[in-house]
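*Asks:*
Numbering (this note's numbering), first residue to last: 193 to 283.
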């Protein structure tokens, strides 16, 4: 009878340690995901600003003021390309 109680207590302790390990891994993963997300957004913004400086026209003015669809397509392509590069670098 005592051996059954000892086994039950051991199983309970093992389950608790597994649960603690799962929550620790989950919290580490969430923190890492948040950091990489913020870092990725910052890199995207920097990449866009660099591209905006290289072009002979102001992309923001072209899109907002002149409703230039072609400039919007260019920005979308740049964002997709930079996003793929950042995602590949993070993974």
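Beta carbons: idealized from backbone N, C-alpha and C, even for Gly. It should be emphasised that the depicted structure is a prediction, and the values quoted were computed from it without experimental measurement.
Please determine if the region 236-255 and the region 265-280 are in contact, where contact requires at least 3 C-beta pairs separated by less than 8 Å.
*Replies:* Verdict: yes, contact present.
*Asks:* What residue ranges within the region 241-265 form continuous alpha helix (DSSP H) runs of no fewer than 4 residues, ordered along the chain?
*Replies:* With a minimum length of 4 residues, the continuous alpha helix (DSSP H) runs that stay inside the region 241-265 are 251-256.
*Asks:* Take every Cβ of the region 223-242, pair it with every Cβ of the region 273-280, and state whether three or more of those distances are shorter than 8 Å.
*Replies:* Yes, the region 223-242 is in contact with the region 273-280.
*Asks:* Once DSSP output is grouped into helix, strand and coil, what is the label at residue 283?
*Replies:* Correct three-state label for residue 283: coil.
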